[in-house]
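**Q** Just so we're aligned, residue -6 is where the sequence shown starts under our numbering, counting upward by one.
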Amino acid sequence: MDYFKVTVALANNMRPGVPLPLQTFASSTMAFHLALKPSFSMTITEASERFSLPDLNDAIQVCLDRCSNGEPHDLTGRRPATFDSILLMDRLQIWSKIWVQLRTWHNPESVKPPQTLVIAPPCNNILVAVMIVQSSALQPVVIGLAEV
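#1: Count the other CB atoms within 10 Å of the CB of residue 40; is the residue buried (16 or more) or exposed (fewer)?
#2: Between 35, 59, 83 and 24, which lies nearest to residue 0 when the distance is taken from Cα to Cα?
#3: Among all the DSSP beta bridges, which residues are the ones paired with residue 90?
#4: Figure out for me which residue from 103, 8, 110 and 30 has the closest Cα to the Cα of residue -2.
#5: Less than 8 Å between the CB atoms is what I'm expecting for residue 89 and residue 44, so what's the real figure, rounded?
#6: For residue 111, which residues in the same chain have their Cβ closer than 6 Å to its Cβ, ignoring the five residues on either side in sequence?
#7: Look up residue 28 in the DSSP assignment and say whether it is helix, strand or coil.
#8: By Cβ distance below 7 Å, which residues in the same chain neighbour residue 113 in space, the five residues on each side in sequence not counted?
#9: Going along the chain, which residues of its own chain have a beta-carbon closer than 6 Å to the beta-carbon of residue 26, five neighbours each way excluded?
#10: Helix, strand or coil for residue -3? Go by DSSP, reduced to three states.
#11: Between which two residues does the beta strand (DSSP E) holding residue 45 run?
#12: Please check the pair residue 95 and residue 37, which I expect to be a contact at CB under 8 Å, by giving their CB distance rounded to whole angstroms.
#13: Going by C-alpha distance, which of 59, 42, 48 and 30 is nearest residue 115?
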């Protein structure tokens, strides 16, 4: 599956009745594909508490401010609140499973196989296995086992 080609096809062939926003979109180096329906719909405060993201509201404000001004934005660290902006929404749609695809570094016309990212709220006292699955390997390789 080439999500970059899907993105171009969707952009060039918008048909009436296609659900918006589009569930497949891309930048020049990374493509994303979402399931048709989100896994969760909740307020920003509820999402902040459920996913242990205390600065979620501030992060959204800073991201939207920088995007609207054409500025790059970092995805790490705490974000200072911007007092001159008002967040015009209070609910989020959250997908717990997304597919991400990258272009290869040395040949941008070639794409890597899509990888699945799964999110879940933090849990206490749950045994979690962390795995990396390589498409060329026959079996997944467990790289860590930790009690959270």
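Just so it is clear, CB atoms sit at the ideal spot from N, CA and C, and this is done for glycine as well.
**A** Result, derived from the coordinates:
#1: buried
#2: 24
#3: 111
#4: 103
#5: At roughly 10 Å, the Cβ-Cβ gap does not stay under 8 Å, so residue 89 and residue 44 are not in contact.
#6: 90
#7: coil
#8: 89
#9: -4, 17 and 92
#10: helix
#11: Note, residue 45: premise wrong, no beta strand (DSSP E); not H, not E.
#12: Not a contact, Cβ separation roughly 29 Å.
#13: 42
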